[in-house]
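Reviewing the structure listed below.
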């Protein structure tokens, strides 16, 4: 924090008088404070920041208002007399005017007293002590001694003050020299990094990772028709929130841009994963994953993965998601023949009948996650049980969906 004298600050502020009438925190006020800081830096030849200007403005405004409330008190901020009419502080103006007038009167009295002391008034009776002090000068016994190191007290004090001033200037120069050397070292380090990076092709960071399409297509071609009947899942996995630095490549990983303008970076907090899982069997595979700085999924991501699954040869019958509202916005429209399934449906809708449990086919999940759940959901008795349920009209909400599932099974 730089100390700014009231005299200099008042003179420079006259060029920016609108600063005192603008609303604090507005854009115009911020711009004026920045210009005033630059102007004061040139004036006092020391770095003045915008925060220094704001603190000074607050201090001056507080003192003037305090002077306006407490009438008749003494003050030293007479340099800001020109400011009080513009901000409506009438009593502060009166107090400042009276303070300046009293100070001028005191200065006139002091000048008159000094003039009387320096004048030899012959009309008055001479005072012995005054004449002795005025005309009698004790001889300097060491005036002719050239090798003498004697000095008067006033000369010694003057030299001490000069020495302190020179030492302070020397300390300031050392501080500025250290700052200059530090900046120069940073510049040299940046130059060395730039020299190392020249000639090296910078590849854009791959935020979205998709597996090799041809390799996946070859693997899918080896599957049976039942294994190709799949459902597409998507969900997010959380990271440890750490950034990894590679000294060999001089690069950072596990982080990416947090805005479209690519000005700010952030750590990847989540990874959106798109796997496919076979309905009749336990086959599953990951199609793609997308590191993200914040949780988000778009309709384009879902459609791209649906298109990729169909290109590979999968028969996608459903898309499975949980009850996250972000996922709901991304699935407003789905292609014809693709159903939307809420994962963990049993948690929100409790069964009111024991039809499935009595036949040994109690549905615990809508999407199997391991072999046991796959066998429980799709066993040999499942088609018979499903046909019996259709015949007894137990599917009151969507019987057509039950019939389609029965045909696929």
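Residue numbers (our numbering): 2 to 410.
Even glycine gets a Cβ: it sits at the ideal position worked out from N, Cα and C.
Quick one: give me the first and last residue of the alpha helix (DSSP H) that residue 307 is part of. 300-313
Following the continuous alpha helix (DSSP H) through residue 228, name the residue where it begins and the one where it ends. Residue 228 -> no alpha helix (DSSP H), and no H or E assigned at all.
Same chain only: Cβ atoms within 8 angstroms of residue 214, ignoring 5 sequence neighbours per side: The beta carbon of residue 214 lies closer than 8 angstroms to those of 309, 312 and 313 in the same chain, with the five residues before and after it left out.
Quick check on residue 113: buried or exposed, where buried means 16 or more other Cβ atoms within 10 Å of its Cβ? exposed
C-alpha gap between residue 134 and residue 178, whole angstroms: Low per-residue confidence applies at residue 134: pLDDT is 45, beneath 50, and the placement is therefore not dependable, though the value from the model is reported in the following sentence. Each residue's Cα considered, the two are about 52 angstroms apart.
Residue 53 and residue 3 closer than 7 angstroms at C-beta: yes
Can you tell me which residues form a DSSP beta bridge with residue 69? BP columns for residue 69 are empty, so no partner.
Tell me whether residue 10 sits in a helix, a strand or coil according to DSSP, three-state version. helix
So, at 6 angstroms on beta carbons, what are the nonlocal neighbours of residue 218 in its own chain, with the 5 sequence-adjacent residues on each side left out? Cβ within range, chain order: 313.
DSSP state of residue 217 mapped onto helix, strand, coil: helix
For residue 285, I'd like the list of residues in its chain whose CB is within less than 7 angstroms of its CB, leaving aside the five on either flank, ordered along the chain. 276, 277, 278 and 279
Cα-Cα, which of 292, 287 and 229 is closest to residue 240? 292
In terms of residues, what are the limits of the beta strand (DSSP E) holding residue 318? 316-322
Residue-level contact to chain D via CB, residue 240, 7 angstroms cutoff: Going by chain labels, chain D is absent from the structure shown, which holds only one protein chain.
Distance between residue 306 and residue 366 (C-alpha atoms, nearest Å): Any reading at residue 366 needs caution, since the residue's pLDDT is 44, under 50, leaving its predicted position unreliable; the model's value is listed next. Looking at the two C-alpha atoms, the distance is approximately 24 angstroms.
Let me check understanding here. Comparing Cα to Cα, which of 282, 289, 180 and 250 lies closest to residue 230? 282
Buried versus exposed, by CB contacts within 10 Å (16 or more), residue 164: exposed
Selection from 194, 232 and 263 that minimises the alpha carbon distance to residue 249: Closest by alpha carbon: 194.
Is it buried or exposed, residue 243, if we count other Cβ atoms within 10 angstroms and call 16 or more buried? Under this definition residue 243 is an exposed residue.
Relative to the alpha-carbon of residue 48, which residue among 38, 55 and 56 has its alpha-carbon at the smallest distance? 38
Candidates 272, 227, 266 and 216, of which the one nearest residue 237 by Cα: 272
C-beta contact flag for residue 303 and residue 234 at 7 angstroms: no
Can you tell me whether DSSP reads residue 5 as helix, strand or coil? coil
Test item: CB-CB of residue 40 and residue 13 under 7 angstroms: yes
What is the DSSP secondary structure of residue 20, counted as helix, strand or coil? helix
Among 274, 261 and 59, which one has its Cα closest to the Cα of residue 290? Checking every option, the nearest Cα to that of residue 290 belongs to 274.
If you reduce the DSSP assignment to three classes, tell me which class residue 336 lands in. coil
Any idea what DSSP makes of residue 400, helix, strand or coil? helix
Residues bridged to residue 64 by DSSP? Under DSSP, residue 64 shares a beta bridge with no residue.
Three-state secondary structure (DSSP) at residue 145? Only weak support is given to the placement of residue 145: the predicted model assigns it a pLDDT of 49, under 50, and the question is left unresolved by the model.
For residue 415, list the residues DSSP reports as bridge partners. Given a span of 2 to 410 for the chain in the structure shown, any question on residue 415 remains unanswerable.
With a threshold of 16 other CB atoms inside 10 Å of the CB of residue 372, please say whether the residue is buried or exposed. Because residue 372 carries a pLDDT of 45, less than 50, the predicted location of this residue cannot be relied on, and the following value inherits that uncertainty. Exposed, since its Cβ has fewer than 16 Cβ neighbours within 10 Å.
With respect to the beta strand (DSSP E) encompassing residue 239, which residues constitute its N-terminal and C-terminal limits? 236-239
Inspect the beta-carbon positions of residue 172 and residue 80 and report whether they are closer than 7 angstroms. no
In its own chain, which residues sit with a C-beta less than 7 angstroms from the C-beta of residue 127, not counting the 5 before and 5 after it? Note that residue 127 scores 48 on pLDDT, short of 50, meaning its location in the model is unreliable and no value can be drawn from it.
Residues sharing a beta bridge with residue 286, DSSP: 277
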